[in-house]
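Sequence positions in the sequence shown follow our numbering and run 1 to 522. Comments concern the structure below.
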Amino acid sequence: MKKKISTIIIILVLLLSSVMIMGTIYYAREYADQDFDQILYYLLNGAENTAPDVTKAIISANIIPVIILFIILCVLMIGNLKNNVYLNLKFKDKKAKIQIYPIKTISNHKVLFVTIIFIIALITTIKGFKVDAYIMYNLQETKIYEEYYVAGDSVNITFPEQKRNLIIISVESLETTLCSRENGGGWEYSIIPELEQLQLENINFSNTEKLGGARTLYGTAFTSGGLVAHTAGIPLVTPATVNNDSGNYSGTGRFLDNAYTLGDILEEQGYNLEIMMGSEGEYGGRAQYFRTNGNYKIFDLNYAIDTGRMTIEDKVWWGFEDDKLFAWAREEITDLSNQEEPFNIIIHTVDTHFVDGYLSQYAENKFDTQYENVHAYSSKLISDFVKWVQEQDFYDNTTIVIVGDHLGMQSEFYKAHIEEDYERTVYNVIINSAIEGTNTTNRQFSTIDMFPTILASIGVQIEGERLGLGTNLFSGKQTLIEELGYEYVNNEIRKKSTFYNEALLGEDYELIRETQMKNNIR
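What follows is the structure, given as structure tokens:
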């Protein structure tokens, strides 16, 4: 009986080790730019709502490698065969017969072998998922928020007499990289010609002389983090981000309550606010964040079902496809435009999400890979939507901002197409801005700088030109990256911050007030 239990334990440990090793190799190869913080965040905030197709794709990519490794490890422990394999050696007059399989050293010390394999798997997982780096940085304390964070309610924010409508299209994993090399992209040909043309004809903040975009800082390289970066000017870091209804950090069910965000500012100015997304809003705490900061109307998968636009049987991909998202966005914007108050609507797409995206039935197969075709169709779909907005009566008083939420996560896909020294950046374009764009090229900035920049694009004047950790790119003021350097800023926000955890994510608003007064920001 003991032998059977021991055998079962050995098999289970080897299976677990195989999953750990092959899973880590897959993650490190495909998603090399992602941090452990992101995984931890989603595990604590709605990972159960992940699209089944994404889960299936990851499992299918790993199941055969796991089985192969598991079989190899089991075969190595075989103790004896009827016909063992020997190696006959002859040196001068001496002969030697060495058994090379089964390997006695392993079969005679199975527990030791399994222990070593598990330790190797554990080390591989810790290094591959960057758990060691996460722990190392969380043992250090940063003061970057105390020194540079600007709370929006501590500075003067002045709106124009006629307030402008604001449409933000947050596109999943959209990079300027997908534009043609001729115009500053990383591809030999343009995958997103319509979106590329929009950048050429409107305001694009670029890191080069040609088309370009923003870099991502730690805590902003995933969807929830990208949305927070664009609307609050700060990263979204873990720990201390368990802010959902089932178990939240602050105990109130509110998310980043003390961060003074785009939604907070626009709500105070009487805007009607709405966010649309083709998935469940609770995934990653997005619905909680936008309810907390601006009390946005949440139009997500559940809302579409509750209002009879679709049934649960109609669900595809993460919820509903971008075709429906933009069709319904036209309806929502038409209703908003008929109200007396100005509006802000955020439209977050999902079709270009990894793995390989969701290909619409209306999409053309122009390119060799599905991911390229998905992006190409997304470009056309967004362009058609922009044209529709431009035809509406309210357009003259409306600014459209199109941004990628973060870089694409399929690292190998991009490496296969771009030159080694090309710097991938997040897409941005501002259409029908209230002010002219100057000093738009050769800028060093990140997605957190879009927060004050978006406000400036609708004619808002910001005392000091900074909000959160972001800088208004329309101004002549340096961004934190330009002032301090990317590596410094990125490393600092990876560290533990008492200010972030207790003030922004917690309930200690007085800590924010004291810091702002100390820095003479008011």
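From the three backbone atoms N, C-alpha and C, an ideal C-beta is built for every residue, glycine too.
Integer Cβ distance of residue i from residue j, believed to fall under 8 Å
i	j	result
Lys-495	Tyr-148	Not quite, the Cβ-Cβ distance comes to about 14 Å (not below 8 Å), so this is no contact.
Met-276	Ile-345	7 Å
Tyr-296	Leu-325	Going by Cβ atoms, the distance from Tyr-296 to Leu-325 rounds to 16 Å, so no, they are not a contact pair.
Ala-221	Gln-34	7 Å
Ile-430	Ile-203	4 Å
Leu-504	Leu-256	6 Å
Phe-36	Tyr-134	4 Å
Ile-382	Leu-195	6 Å
Ser-475	Leu-217	Their Cβ separation, rounded to whole angstroms, is 20 Å, which puts Ser-475 and Leu-217 out of contact at 8 Å.
Ala-232	Gly-468	5 Å
Glu-172	Arg-424	In fact, because the Cβ distance is near 15 Å, the residues do not count as touching under 8 Å.
Val-350	Trp-317	7 Å
Phe-118	Ser-18	Contact doesn't hold; Cβ gap of about 10 Å is too wide.
Glu-146	Thr-515	5 Å
Gly-493	Val-237	Contrary to the premise, residue 493 reads as Ile rather than Gly in this sequence. The Cβ separation is near 7 Å, so the contact holds.
Residues bridged to residue i (per DSSP)
i	result
Pro-403	At residue 403 the sequence reads Val, which differs from the Pro that was named. Its beta-bridge partners are Ser-170, Asn-428.
Val-54	Note: Val-54 sits in no beta bridge, so no partner.
His-417	Looking at the DSSP assignment, His-417 forms no beta bridge with any residue, so it has no partner.
Leu-40	Answer is none; Leu-40 lacks a bridge partner.
Glu-141	Lys-496
Gly-506	Note: Gly-506 sits in no beta bridge, so no partner.
Ser-180	Trp-187
Gln-461	Thr-158
Arg-215	Ser-446
Ile-275	Ile-298, Ile-346
Residue i - DSSP class collapsed to helix/strand/coil
i	result
Lys-496	strand
Met-22	helix
Gly-485	coil
Val-150	strand
Ser-246	With a pLDDT of only 38 at Ser-246, under the threshold of 50, the placement of this residue in the model should not be trusted; the figure read from the coordinates follows. Residue state, collapsed to three classes: coil.
Val-386	helix
Glu-527	Because the chain is modelled from 1 through 522, residue 527 falls outside the range shown and cannot be assessed.
Ser-206	coil
Phe-91	strand
Leu-12	helix
Arg-286	helix
Leu-69	helix
Val-316	strand
Arg-309	coil
Arg-29	helix
Arg-466	strand
Thr-220	coil
Thr-398	strand
Glu-175	strand
Asn-491	helix
Asn-165	strand
Thr-471	strand
Arg-379	The question names Arg, yet the displayed sequence has Ser at residue 379. If DSSP states are grouped into helix, strand and coil, Ser-379 belongs with the helices.
Ile-78	coil
Asn-439	coil
Given residue i as reference, the closest of the options once Cα atoms are compared
i	options	result
Gln-444	Val-489, Gln-461, Ile-430, Asp-405	Val-489
Ile-528	Phe-474, Val-13, Ile-512	Beyond the ends of the chain as shown, which are 1 and 522, falls residue 528; an answer cannot be given.
Arg-215	Asp-421, His-406, Lys-130	His-406
Gly-470	Thr-453, Gln-197, Asn-258, Leu-484	Thr-453
Ile-144	Ile-481, Gly-459, Glu-510	Ile-481
Ser-170	Val-426, Thr-441, Ala-32	Val-426
Ala-363	Phe-354, His-375, Glu-391, Trp-318	His-375
Asn-156	Leu-112, Leu-336, Val-460	Val-460
Ala-434	Asn-165, Asn-258, Asp-368	Asn-165
Glu-502	Gly-357, Thr-447, Ala-259, Leu-484	Ala-259
Ile-58	Leu-69, Leu-73, Gly-23	Gly-23
Asp-421	Ile-63, Leu-381, Thr-177	Thr-177
Phe-320	Ile-305, Gly-152, Glu-331	Ile-305
Ser-6	Glu-465, His-109, Ile-39, Ile-458	His-109
Thr-307	Trp-318, Gln-288, Trp-328	Trp-328
Leu-15	Glu-30, Tyr-31, Leu-122, Ala-28	Leu-122
Gln-269	Glu-340, Gln-361, Ile-9, Trp-318	Glu-340
Phe-113	Ile-78, Lys-127, Lys-95, Ile-126	Ile-78
Ser-154	His-353, Asp-384, Thr-261, Tyr-486	Thr-261
Thr-438	Ile-71, Thr-125, Phe-205	Phe-205
Ser-224	Gln-197, Ala-416, Gly-285	Gly-285
Enclosing beta strand (DSSP E) for residue i [first to last residue]
i	result
Lys-297	297–299
Phe-343	343–348
The alpha helix (DSSP H) enclosing residue i, as first and last residue numbers
i	result
Leu-200	193–201
Ile-126	110–128
Lys-324	322–337
Ser-224	223–232
Cβ of residue i within 8 Å of any chain D Cβ
i	result
Asp-264	No chain D appears in this structure, which consists of one protein chain only.
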